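Under this note's numbering, read the sequence shown as residues 372 to 655, first letter to last. Glycine included, each C-beta is placed from N, C-alpha and C at the ideal position. Computed from a predicted model, the values in this text were never measured in an experiment.
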Amino acid sequence: MTGMNGQPHWLQWLLPTVIRYLVLGAIALLMLLPLLWLVSTAFKAPTEDIFQFPPQLLPQAPTWQNFVKVWQTTPFGRYLFNSTLVAVLTVGLNLVVCSLAAYPLARLDFRGRDSLFTLIVATILIPFQIVMIPLYILAVNLGLRNSYLGLIFPAIASAFGIFLLRQAFQGVPKELEEAARMDGCSELGIWWFVMLPSVRPALVTLAIFVFIGAWSDFLWPLILLDQPEYYTLPLGVAKLAGAFSLDWRLVAAGSVISIAPILAFFLVMQHYIVPTETGSGVKG
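Okay, structure coming up:
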(Lines of atoms letter the chains of each structure in order from A and count residues from 1; the text may use other names and numbers.)
(Lines give C-alpha, C1' and ligand atoms only; values in the text may rest on other atoms or scores of the structure.)
Protein backbone atom coordinates (compact mmCIF):
# COMPACT_ATOMS: atom_id res chain seq x y z
CA MET A 1 0.00 0.00 0.00
CA THR A 2 1.19 3.48 -0.84
CA GLY A 3 0.12 6.89 0.30
CA MET A 4 -1.00 9.86 -1.76
CA ASN A 5 2.61 10.94 -2.29
CA GLY A 6 3.59 7.51 -3.58
CA GLN A 7 5.50 6.45 -0.43
CA PRO A 8 4.62 3.26 1.46
CA HIS A 9 2.46 3.75 4.54
CA TRP A 10 5.08 2.14 6.78
CA LEU A 11 7.68 4.63 5.55
CA GLN A 12 5.36 7.57 6.23
CA TRP A 13 4.97 6.30 9.79
CA LEU A 14 8.62 5.37 10.30
CA LEU A 15 10.28 8.63 9.30
CA PRO A 16 8.44 10.90 11.80
CA THR A 17 8.94 8.31 14.53
CA VAL A 18 12.69 8.08 13.88
CA ILE A 19 13.03 11.86 13.81
CA ARG A 20 11.06 12.16 17.04
CA TYR A 21 13.23 9.65 18.87
CA LEU A 22 16.42 11.20 17.52
CA VAL A 23 15.39 14.60 18.87
CA LEU A 24 14.41 13.12 22.24
CA GLY A 25 17.67 11.18 22.39
CA ALA A 26 19.69 14.30 21.64
CA ILE A 27 17.89 16.23 24.41
CA ALA A 28 18.40 13.36 26.87
CA LEU A 29 22.10 13.16 26.00
CA LEU A 30 22.45 16.92 26.46
CA MET A 31 20.91 16.65 29.92
CA LEU A 32 23.06 13.66 30.89
CA LEU A 33 26.36 15.17 29.75
CA PRO A 34 27.04 17.07 33.02
CA LEU A 35 26.40 13.90 35.05
CA LEU A 36 28.60 11.85 32.74
CA TRP A 37 31.37 14.45 33.02
CA LEU A 38 31.05 14.39 36.82
CA VAL A 39 31.38 10.61 37.01
CA SER A 40 34.22 10.61 34.50
CA THR A 41 36.11 13.31 36.41
CA ALA A 42 35.78 11.38 39.66
CA PHE A 43 37.73 8.46 38.14
CA LYS A 44 40.43 10.48 36.36
CA ALA A 45 44.06 10.60 37.51
CA PRO A 46 45.78 13.94 38.26
CA THR A 47 47.73 13.65 35.01
CA GLU A 48 44.59 13.84 32.86
CA ASP A 49 43.13 17.14 31.66
CA ILE A 50 39.52 17.27 32.83
CA PHE A 51 38.75 20.51 30.94
CA GLN A 52 39.93 19.51 27.49
CA PHE A 53 37.64 20.14 24.53
CA PRO A 54 36.03 18.12 23.21
CA PRO A 55 35.64 16.42 26.61
CA GLN A 56 37.10 12.95 27.10
CA LEU A 57 34.38 11.10 29.00
CA LEU A 58 36.29 7.83 29.28
CA PRO A 59 39.24 8.09 31.69
CA GLN A 60 42.51 6.92 30.18
CA ALA A 61 43.53 5.18 33.41
CA PRO A 62 40.53 4.89 35.76
CA THR A 63 41.48 5.16 39.41
CA TRP A 64 39.76 4.99 42.79
CA GLN A 65 42.35 7.24 44.42
CA ASN A 66 40.07 10.28 44.38
CA PHE A 67 37.44 8.41 46.39
CA VAL A 68 40.05 7.01 48.76
CA LYS A 69 41.56 10.45 49.38
CA VAL A 70 38.18 12.03 50.01
CA TRP A 71 37.19 9.26 52.43
CA GLN A 72 40.50 9.25 54.31
CA THR A 73 41.14 12.98 54.61
CA THR A 74 37.61 14.17 55.40
CA PRO A 75 34.96 12.72 57.75
CA PHE A 76 32.78 11.64 54.84
CA GLY A 77 31.63 8.59 56.76
CA ARG A 78 30.18 10.92 59.40
CA TYR A 79 28.54 13.07 56.74
CA LEU A 80 27.02 9.95 55.19
CA PHE A 81 25.67 8.83 58.56
CA ASN A 82 24.18 12.27 59.25
CA SER A 83 22.48 12.46 55.86
CA THR A 84 21.11 8.94 56.19
CA LEU A 85 19.75 9.56 59.68
CA VAL A 86 18.16 12.88 58.75
CA ALA A 87 16.65 11.55 55.50
CA VAL A 88 15.22 8.37 57.05
CA LEU A 89 13.69 10.17 60.04
CA THR A 90 12.33 12.93 57.80
CA VAL A 91 10.66 10.42 55.48
CA GLY A 92 9.11 8.46 58.35
CA LEU A 93 7.78 11.49 60.21
CA ASN A 94 6.57 13.17 57.02
CA LEU A 95 4.57 10.12 55.95
CA VAL A 96 2.93 9.82 59.36
CA VAL A 97 2.11 13.51 59.81
CA CYS A 98 0.95 14.11 56.23
CA SER A 99 -1.24 11.00 56.18
CA LEU A 100 -2.79 11.91 59.53
CA ALA A 101 -3.54 15.40 58.22
CA ALA A 102 -4.81 14.18 54.84
CA TYR A 103 -7.17 11.52 56.18
CA PRO A 104 -9.72 13.85 57.84
CA LEU A 105 -9.48 16.27 54.91
CA ALA A 106 -10.45 13.44 52.56
CA ARG A 107 -12.91 11.29 54.54
CA LEU A 108 -14.39 13.29 57.44
CA ASP A 109 -17.04 15.98 57.11
CA PHE A 110 -16.52 19.10 59.22
CA ARG A 111 -17.09 22.81 58.77
CA GLY A 112 -14.34 24.61 56.89
CA ARG A 113 -12.75 21.44 55.54
CA ASP A 114 -12.44 22.66 51.95
CA SER A 115 -11.28 26.12 53.02
CA LEU A 116 -8.62 24.59 55.26
CA PHE A 117 -7.42 22.36 52.43
CA THR A 118 -7.24 25.33 50.06
CA LEU A 119 -5.23 27.29 52.61
CA ILE A 120 -2.79 24.40 53.07
CA VAL A 121 -2.31 23.96 49.33
CA ALA A 122 -1.79 27.72 48.90
CA THR A 123 1.30 27.53 51.10
CA ILE A 124 3.04 25.62 48.29
CA LEU A 125 3.39 28.98 46.55
CA ILE A 126 5.49 30.40 49.41
CA PRO A 127 9.24 30.00 48.71
CA PHE A 128 11.36 28.56 51.48
CA GLN A 129 13.55 31.67 51.46
CA ILE A 130 10.63 33.73 52.80
CA VAL A 131 10.09 31.54 55.87
CA MET A 132 13.77 30.69 56.33
CA ILE A 133 14.53 33.45 58.83
CA PRO A 134 11.42 32.84 61.00
CA LEU A 135 12.23 29.12 60.99
CA TYR A 136 15.80 29.83 62.02
CA ILE A 137 14.68 32.10 64.88
CA LEU A 138 12.21 29.44 66.01
CA ALA A 139 14.87 26.73 65.86
CA VAL A 140 17.29 28.84 67.92
CA ASN A 141 14.63 29.65 70.52
CA LEU A 142 13.77 25.96 70.82
CA GLY A 143 17.43 25.03 71.23
CA LEU A 144 17.52 23.07 67.97
CA ARG A 145 20.60 24.68 66.45
CA ASN A 146 23.36 22.16 65.74
CA SER A 147 21.06 19.18 66.23
CA TYR A 148 19.50 16.43 64.15
CA LEU A 149 16.02 17.46 65.23
CA GLY A 150 16.69 20.97 63.98
CA LEU A 151 17.54 19.58 60.55
CA ILE A 152 14.36 17.49 60.50
CA PHE A 153 11.61 19.65 61.91
CA PRO A 154 11.01 22.02 58.90
CA ALA A 155 10.25 18.99 56.69
CA ILE A 156 8.13 16.99 59.14
CA ALA A 157 5.01 18.07 57.23
CA SER A 158 4.54 19.43 53.73
CA ALA A 159 1.61 20.89 51.86
CA PHE A 160 2.48 18.79 48.82
CA GLY A 161 2.41 15.61 50.89
CA ILE A 162 -0.98 16.46 52.38
CA PHE A 163 -2.33 17.26 48.93
CA LEU A 164 -0.97 14.05 47.39
CA LEU A 165 -2.27 11.75 50.12
CA ARG A 166 -5.61 13.53 50.37
CA GLN A 167 -6.21 12.92 46.68
CA ALA A 168 -5.16 9.28 47.12
CA PHE A 169 -7.46 8.77 50.11
CA GLN A 170 -10.41 10.11 48.12
CA GLY A 171 -9.91 7.30 45.62
CA VAL A 172 -10.38 4.58 48.24
CA PRO A 173 -13.87 3.00 47.98
CA LYS A 174 -16.13 4.01 50.86
CA GLU A 175 -17.30 0.41 51.15
CA LEU A 176 -13.93 -0.57 52.65
CA GLU A 177 -14.24 2.16 55.24
CA GLU A 178 -17.84 1.25 56.09
CA ALA A 179 -16.99 -2.45 56.42
CA ALA A 180 -14.19 -1.57 58.85
CA ARG A 181 -16.57 0.53 60.95
CA MET A 182 -19.08 -2.32 61.06
CA ASP A 183 -16.30 -4.53 62.44
CA GLY A 184 -15.77 -2.00 65.25
CA CYS A 185 -12.65 -0.35 63.88
CA SER A 186 -11.89 3.15 65.16
CA GLU A 187 -10.97 6.09 62.95
CA LEU A 188 -7.31 5.58 63.81
CA GLY A 189 -7.63 1.89 62.99
CA ILE A 190 -9.28 2.69 59.65
CA TRP A 191 -6.42 5.04 58.86
CA TRP A 192 -3.81 2.40 59.72
CA PHE A 193 -5.38 -0.85 58.51
CA VAL A 194 -7.49 0.32 55.56
CA MET A 195 -6.32 3.66 54.21
CA LEU A 196 -2.54 3.38 54.34
CA PRO A 197 -2.34 -0.05 52.63
CA SER A 198 -4.75 1.19 49.96
CA VAL A 199 -2.60 4.19 49.00
CA ARG A 200 0.80 2.52 49.03
CA PRO A 201 1.85 3.91 45.60
CA ALA A 202 1.15 7.46 46.80
CA LEU A 203 3.10 6.80 50.01
CA VAL A 204 6.08 5.50 48.05
CA THR A 205 5.93 8.48 45.68
CA LEU A 206 5.89 10.90 48.60
CA ALA A 207 8.71 8.99 50.29
CA ILE A 208 10.89 9.36 47.18
CA PHE A 209 10.29 13.10 46.96
CA VAL A 210 10.87 13.67 50.68
CA PHE A 211 14.01 11.51 50.71
CA ILE A 212 15.54 13.35 47.76
CA GLY A 213 14.65 16.71 49.28
CA ALA A 214 16.07 15.86 52.71
CA TRP A 215 19.20 14.22 51.27
CA SER A 216 20.08 17.05 48.91
CA ASP A 217 19.05 19.97 51.14
CA PHE A 218 21.90 22.46 51.35
CA LEU A 219 20.52 25.84 52.40
CA TRP A 220 18.87 24.88 55.70
CA PRO A 221 21.85 22.90 57.08
CA LEU A 222 24.14 25.71 55.94
CA ILE A 223 22.43 28.33 58.10
CA LEU A 224 21.58 26.01 61.01
CA LEU A 225 24.90 24.22 61.56
CA ASP A 226 28.35 25.43 62.51
CA GLN A 227 29.62 22.23 64.11
CA PRO A 228 31.19 19.81 61.56
CA GLU A 229 29.98 16.70 63.42
CA TYR A 230 26.43 17.51 62.26
CA TYR A 231 27.29 18.29 58.63
CA THR A 232 25.37 16.44 55.94
CA LEU A 233 26.79 15.33 52.59
CA PRO A 234 25.88 18.50 50.63
CA LEU A 235 27.79 20.60 53.17
CA GLY A 236 30.64 18.09 53.12
CA VAL A 237 30.92 18.30 49.34
CA ALA A 238 30.92 22.11 49.52
CA LYS A 239 33.74 22.00 52.07
CA LEU A 240 35.84 19.89 49.68
CA ALA A 241 36.35 22.91 47.44
CA GLY A 242 38.16 24.78 50.21
CA ALA A 243 39.88 21.80 51.79
CA PHE A 244 41.69 20.79 48.59
CA SER A 245 42.08 24.19 46.88
CA LEU A 246 39.33 23.37 44.41
CA ASP A 247 40.57 20.06 43.06
CA TRP A 248 37.63 19.17 40.84
CA ARG A 249 38.51 15.48 40.82
CA LEU A 250 38.00 15.26 44.57
CA VAL A 251 34.89 17.41 44.45
CA ALA A 252 33.51 15.14 41.73
CA ALA A 253 34.33 12.05 43.78
CA GLY A 254 32.51 13.50 46.78
CA SER A 255 29.54 14.41 44.59
CA VAL A 256 29.34 10.87 43.22
CA ILE A 257 29.35 9.50 46.77
CA SER A 258 26.48 11.82 47.68
CA ILE A 259 24.45 11.01 44.57
CA ALA A 260 24.78 7.22 44.70
CA PRO A 261 22.40 6.68 47.67
CA ILE A 262 19.68 8.74 45.99
CA LEU A 263 19.88 6.62 42.85
CA ALA A 264 19.89 3.43 44.88
CA PHE A 265 16.87 4.54 46.92
CA PHE A 266 14.93 5.44 43.79
CA LEU A 267 15.76 2.17 42.03
CA VAL A 268 14.61 0.18 45.07
CA MET A 269 11.44 2.14 45.71
CA GLN A 270 10.25 2.49 42.12
CA HIS A 271 9.18 -1.16 42.10
CA TYR A 272 6.55 -0.34 44.71
CA ILE A 273 4.95 2.39 42.59
CA VAL A 274 2.28 0.16 41.09
CA PRO A 275 -1.50 0.59 41.03
CA THR A 276 -3.17 -0.80 44.11
CA GLU A 277 -6.46 -2.58 43.44
CA THR A 278 -8.38 -1.01 46.31
CA GLY A 279 -11.63 -2.07 44.81
CA SER A 280 -10.76 -5.73 44.48
CA GLY A 281 -12.46 -6.56 47.76
CA VAL A 282 -15.64 -4.68 46.92
CA LYS A 283 -18.36 -6.55 45.10
CA GLY A 284 -20.69 -4.56 42.93
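(request) Rank 628, 603, 429, 463 by C-alpha distance to the C-alpha of residue 528 and give the top, closest one. (result) As a first step, residue 528 must be located in the sequence shown, where it is residue number 157. For residue 528, the closest alpha carbon among the candidates 628, 603, 429, 463 is that of 463.
(request) Mind checking which residues open and close the alpha helix (DSSP H) that includes residue 548? (result) Counting from one through the sequence shown, the residue named residue 548 turns up at place 177. From DSSP, the alpha helix (DSSP H) with residue 548 extends over 545-553.
(message) List, from N- to C-terminal side, the alpha helix (DSSP H) runs of 4 residues or more that fit wholly inside the region 556-625.
(response) The region 556-625 contains these whole alpha helix (DSSP H) runs: 558-561, 571-587, 590-595, 604-614.
(request) With DSSP as the reference, label residue 424 as helix, strand or coil. (result) Here residue 424 corresponds to residue number 53 of the sequence shown, with the count starting at 1. DSSP places residue 424 in the coil class of the three-state scheme, outside both helix and strand.
(request) Verify whether the separation of the beta carbon atoms of residue 585 and residue 461 is less than 8 Å. (result) Position 214 of the sequence shown, counted from the first residue, corresponds to residue 585. Position 90 of the sequence shown, counted from the first residue, corresponds to residue 461. Contact: yes.
(message) Please report the straight-line C-alpha distance between residue 386 and residue 398, rounded to a whole angstrom.
(response) Along the sequence shown, read from residue 1 onward, the residue named residue 386 stands at position 15. Along the sequence shown, read from residue 1 onward, the residue named residue 398 stands at position 27. Put simply, the backbone Cα of residue 386 is about 19 Å away from that of residue 398.
(message) Do residue 605 and residue 629 count as a contact pair if the criterion is CB distance below 8 Å?
(response) Here residue 629 refers to the residue found at position 258 when the sequence shown is read from its first residue. Here residue 605 refers to the residue found at position 234 when the sequence shown is read from its first residue. In this structure, residue 605 lies closer than 8 Å to residue 629 by Cβ.
(message) Within 8 Å of any Cβ in chain D, is that where the Cβ of residue 641 sits?
(response) Of the protein chains in this structure there is only one, and it is not chain D.
(request) Would you decide whether residue 557 is buried or exposed? Buried here means 16 or more other CB atoms lie within 10 Å of its CB. (result) Residue 557 sits at position 186 when you count from the first residue of the sequence shown. So residue 557 ends up on the exposed side.
(message) Restricting to runs no shorter than 4 residues, where is the alpha helix (DSSP H) found entirely within the region 467-499?
(response) Runs of the alpha helix (DSSP H) spanning 4 or more residues and lying entirely within the region 467-499 occur at 484-493, in chain order.
(request) Return the chain-ordered list of same chain residues with a C-beta closer than 6 Å to the C-beta of residue 403, the five sequence neighbours on each side being excluded. (result) In the sequence shown, counting from the first residue as 1, residue 403 sits at position 32. Around residue 403: no qualifying Cβ.
(message) If you measure between the beta carbons of residue 659 and residue 457, is that distance less than 8 Å?
(response) Missing from the structure shown is residue 659; the chain here goes from 372 to 655 and no further.
(message) Which residue wins for smallest C-alpha separation from residue 574, given the options 535, 599, 511, 561?
(response) Numbered from its first residue, the sequence shown carries residue 574 at position 203. The alpha carbon of residue 574 has as its nearest neighbour, out of 535, 599, 511, 561, the alpha carbon of 535.
(request) Name the two residues that bound the continuous alpha helix (DSSP H) containing residue 437. (result) Walking along the sequence shown from the start, residue 437 turns up at place 66. Residue 437: member of the alpha helix (DSSP H) spanning 436-444, first to last residue.
(request) Go ahead and pull the three-state DSSP assignment for residue 429. (result) Taking the first residue of the sequence shown as position 1, residue 429 is located at position 58. Residue 429 falls in the coil class under three-state DSSP.
(message) If I measure Cβ to Cβ from residue 468 and keep anything under 6 Å in the same chain, skipping five residues before and after, which residues do I get?
(response) Position 97 of the sequence shown, counted from the first residue, corresponds to residue 468. Excluding sequence neighbours, residue 468 sits near 527, 528.
(message) Please classify residue 502 as buried or exposed, where buried requires at least 16 neighbouring CB atoms within 10 angstroms.
(response) Looking up residue 502 in the sequence shown gives position 131. With fewer than 16 Cβ atoms within 10 Å of its Cβ, residue 502 is classed as exposed.
(request) Could you tell me whether the region 465-480 touches the region 530-545, where touching means 3 or more Cβ pairs closer than 8 Å? (result) Pairwise C-beta distances place the region 465-480 in contact with the region 530-545, as three or more of them are shorter than 8 Å.
(request) Look up residue 513 in the DSSP assignment and say whether it is helix, strand or coil. (result) Stepping through the sequence shown from its first residue, residue 513 is reached at position 142. Residue state, collapsed to three classes: coil.
(request) With a 10 Å radius around its C-beta and 16 neighbouring C-beta atoms as the bar for buried, classify residue 625 as buried or exposed. (result) Locating residue 625 in the sequence shown gives position 254, where the first residue counts as 1. Buried, since its Cβ has 16 or more Cβ neighbours within 10 Å.
(request) Below 8 Å CB to CB, which residues in the same chain sit around residue 438 once its five sequence neighbours on both sides are set aside? (result) Along the sequence shown, one-based indexing puts residue 438 at 67. Excluding positions up to five away in sequence, the list reads 413, 624, 627, 628.
(request) Use the C-beta contact count for residue 454: other C-beta atoms within 10 angstroms, 16 or more gives buried, fewer gives exposed. (result) Taking the sequence shown and counting its residues from 1, one reaches residue 454 at position 83. With at least 16 other beta carbons inside 10 angstroms of its own, residue 454 counts as buried.
(message) Taking the straight line between their C-alpha atoms, what separation do you get for residue 417 and residue 488?
(response) Along the sequence shown, read from residue 1 onward, the residue named residue 417 stands at position 46. Along the sequence shown, read from residue 1 onward, the residue named residue 488 stands at position 117. Going by the C-alpha atoms only, they are around 56 Å apart.
(request) Taking the CB atoms as reference points, tell me whether residue 533 and residue 578 lie closer together than 8 Å. (result) The residue given as residue 533 occupies position 162 in the sequence shown. The residue given as residue 578 occupies position 207 in the sequence shown. Contact: no.
(request) Compute the Euclidean distance between the alpha carbons of residue 466 and residue 524, then round it to the nearest angstrom. (result) Looking up residue 466 in the sequence shown gives position 95. Looking up residue 524 in the sequence shown gives position 153. When rounded, the distance between both Cα atoms is 13 Å.
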